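Enquirer:
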Amino acid sequence: MRKENRAGTGTKARRTAALLAATALTVGVAVATAPSAAAASPCWSGDANKWWCNNVSGAPVYGTVGDNHLYPDPNVIVGYMYSNPSWFYCKEDNQAWVGGPHSTRWEMTVADNGRLGFMKDTAIASETNPLPNCNG
Numbered sequence: 080m081r082k083e084n085r086a087g088t089g090t091k092a093r094r095t096a097a098l099l100a101a102t103a104l105t106v107g108v109a110v111a112t113a114p115s116a117a118a119a120s121p122c123w124s125g126d127a128n129k130w131w132c133n134n135v136s137g138a139p140v141y142g143t144v145g146d147n148h149l150y151p152d153p154n155v156i157v158g159y160m161y162s163n164p165s166w167f168y169c170k171e172d173n174q175a176w177v178g179g180p181h182s183t184r185w186e187m188t189v190a191d192n193g194r195l196g197f198m199k200d201t202a203i204a205s206e207t208n209p210l211p212n213c214n215g
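Residue numbers (my numbering): 80 to 215.
#1: Starting from the Cα of ASN133, find the closest Cα among ASN214, MET198, GLN174 and give me that residue.
#2: Out of ASP191, GLY196, ALA138, TYR159, state which residue places its alpha-carbon closest to the alpha-carbon of ASP146.
#3: Can you name the start and end residues of the beta strand (DSSP E) that VAL53 belongs to?
#4: Starting from the Cα of VAL140, find the closest Cα among CYS213, ASP191, LEU210, THR207 and give me that residue.
#5: By the DSSP assignment, the beta strand (DSSP E) with LYS170 in it spans what residues?
#6: If we ignore side chains and look at the alpha-carbon of each, how far apart do VAL157 and ARG194 end up?
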């Protein structure tokens with residue numbers, strides 16, 4: 080007795096299985112060969128309690144809240160940093176959101192015009208973990 084061959088019966092399932100297998104193989108190869116992200120080189124210690132870091136040239140330097148100079152004011156730009164690398168005094172965490180790997184970190188520095196302020200961590204290419212905390 081001959082089986083009735085209905086169009087699509089079994090064929091669709093085989094095609095779907097083949098497509099899924101090919102997709103899994105492609106994704107597996109892509110994941111296995113994807114380059115890993117290299118960690119940023121850290122900031123390095125200089126003289127006079129300054130830390131040098133690679134940064135974005137032309138990045139804004141933001142002012143401070145009040146007269147205490149301890150907290151960045153994300154609404155006031157006091158100058159720009161055109162040098163690269165640039166030096167920084169310290170880092171301040173848990174401040175206004177900036178994004179990036181240290182999403183609330185700012186670094187205290189002096190803008191090229193001589194004004195004290197903070198740069199967003201996202202404007203610094205070097206890893207800023209080595210910098211001391213501003214409040215500690």
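Glycine included, C-beta positions come from ideal geometry on N, C-alpha and C. Please read these numbers as outputs of a predicted model, since none were measured by experiment.
Expert: Here's the rundown:
#1: MET198
#2: GLY196
#3: The displayed coordinates of the chain run from 80 to 215. Any statement about residue 53 would go beyond what the structure contains.
#4: ASP191
#5: 169-171
#6: 6 Å
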